[in-house]
Amino acid sequence: MGVVLQGRFLSASCEDPYADFALEEAIFRGLKRVTARVWRNNLSVIIGRAQLARLETDLAYCAKKRIPVVRRFTAGGAVYNGPGNINWSLFIPAWFDNNGLTFERDPRAVFRLASSVVVRALRNCGVESRFDPPNRIVNEVGKACGMAAYVSNSGLLCHGTLLASADLEEVARVTTPVREVAEKKYVRSNPMKVANTWVTYEIFRLEIKAILEESGGCRFEASQPSSEELEMAKMLHNEKYGRAEWNLGDPFVEGGTPA
């Protein structure tokens, strides 16, 4: 049996989606301990690092409804975020290797690792689901969770958005890609039928923590982001996530002029 190590379990939610994704990057940049986070934020559309916002959502509709469009720093497609969703994040430093929870460099292995935790947590909540490679969790109705990851020499982040009790009509409304031929360099979303899991935030949060402790031999203490992480998140919000150039601009043009 591996040595029991100490991890962090964060439930911090900023409610401001720009600040939430600034915090995600801040935690990753200063990663020292294995960290899990289960959180929620307000209605928003989250696009992948290499996507062009105007191709992935109806910007006029989002502006009319005051729905923020936020670019995350991980890859993948566009997702709907809102009160009917549960977001989860798993941060593993490169040095960490304990039982079933370990640093992986191959994104496919990262998704397998993270999905195994989520699928087991859902099963304990009475919901059957399965991993659908490369980065989806599905139930008998449709896609219940999408995942994205970022891997560097210092560690990995895998995060996902689980549909719990979302307005599925609104999900389809704001994440249906625009039918426009675009340069191949932009990552395009691949929409499919989606499905709620009807799990509650509190129960899912407890199950994720229990599964992580069981599979990783790591005790997770309830914690809050450090002052250094909050300061880094504030800087990233001001200089990156709070700016239209980052969120709406061309990801392949320095400065990201909104397109």
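In the working numbering, the protein residues as written are 8 to 266.
From the three backbone atoms N, C-alpha and C, an ideal C-beta is built for every residue, glycine too.
These numbers come from a predicted model, not from an experiment.
Are there any heavy atoms of the ligand ADP lying less than 7 Å away from the beta-carbon of G149, as far as the coordinates show?
Among the ligands in the structure shown, none appear at all, so the ligand ADP cannot be discussed.
Using the Cα positions of I218 and R127, report the straight-line distance between them to the nearest angstrom.
7 Å
For the beta strand (DSSP E) containing D139, name the first residue and the last one.
R137 to D139
With distances taken from CA atoms, which of V148, N131, K241 and E31 is nearest C47?
Strictly speaking, residue 47 in this sequence is Arg, with Cys absent from that position. Minimum Cα distance to R47 is reached at E31.
With DSSP collapsed to three states, give me the class of E111.
Judged by DSSP in its simplified three-state form, E111 adopts coil rather than helix or strand.
Looking at G224: is its Cβ nearer than 8 Å to the Cβ of N131?
no
Name the residue from F227, R61, A202 and E236 whose alpha carbon lies nearest to the alpha carbon of G14.
F227
Grab me the residues of L129's own chain with a C-beta within less than 7 Å of its C-beta, minus the 5 sequence neighbours each way, in chain order.
Take L129, set aside five residues on each side of it, and the residues of its chain with a beta-carbon closer than 7 Å to its own are S136, T204 and V206, in chain order.
Is T64 helix, strand or coil by DSSP?
coil
Confirm, please, whether the CB-CB distance from V181 to I74 is below 8 Å.
yes
Assign F259 to buried or exposed, taking buried as 16 or more other Cβ atoms, counted over all protein chains shown, within 10 Å of its Cβ.
exposed
Are the stretch 232-245 and the stretch 26-42 touching, with three or more C-beta to C-beta distances below 8 Å?
Enough Cβ pairs lie closer than 8 Å, so yes.
What is the DSSP secondary structure of V125, reduced to helix, strand or coil?
helix
Cα-Cα, which of S233, G107 and S18 is closest to N94?
S18
Report yes or no: is there a C-beta of chain B within less than 8 Å of the C-beta of A229?
The structure shown contains no chain B; it holds only a single protein chain.
Which residue marks the beginning of the alpha helix (DSSP H) containing L175, and which one marks its end?
Counting along the chain, the alpha helix (DSSP H) containing L175 begins and ends at L175 to T182.
Whole angstroms is fine: what's the gap from E252's alpha carbon to G133's?
43 Å
Using only alpha-carbon positions, find the residue among G249, E246, S51 and S230 that is nearest to R44.
The shortest C-alpha separation from R44 is found at S230.
Nearest by alpha-carbon distance to H166: which of D139, A82 and A60 is it?
A82
Hey, quick one: how far does the beta strand (DSSP E) through M154 stretch, first residue to last?
K150 to S159
Measure the beta-carbon distance from V117 to A156 and round it to whole angstroms, keeping in mind my assumption that it falls under 8 Å.
5 Å
Which of the three DSSP states, helix, strand or coil, is assigned to C165?
strand
Among residues of its own chain, excluding the 5 on either side of T42, which ones have a beta-carbon nearer than 7 Å to its beta-carbon?
G14, R15, L17, I34 and F98
Relative to the C-alpha of L164, which residue among V178, S96 and A173 is closest?
Closest in alpha carbon position to L164, among V178, S96 and A173, is S96.
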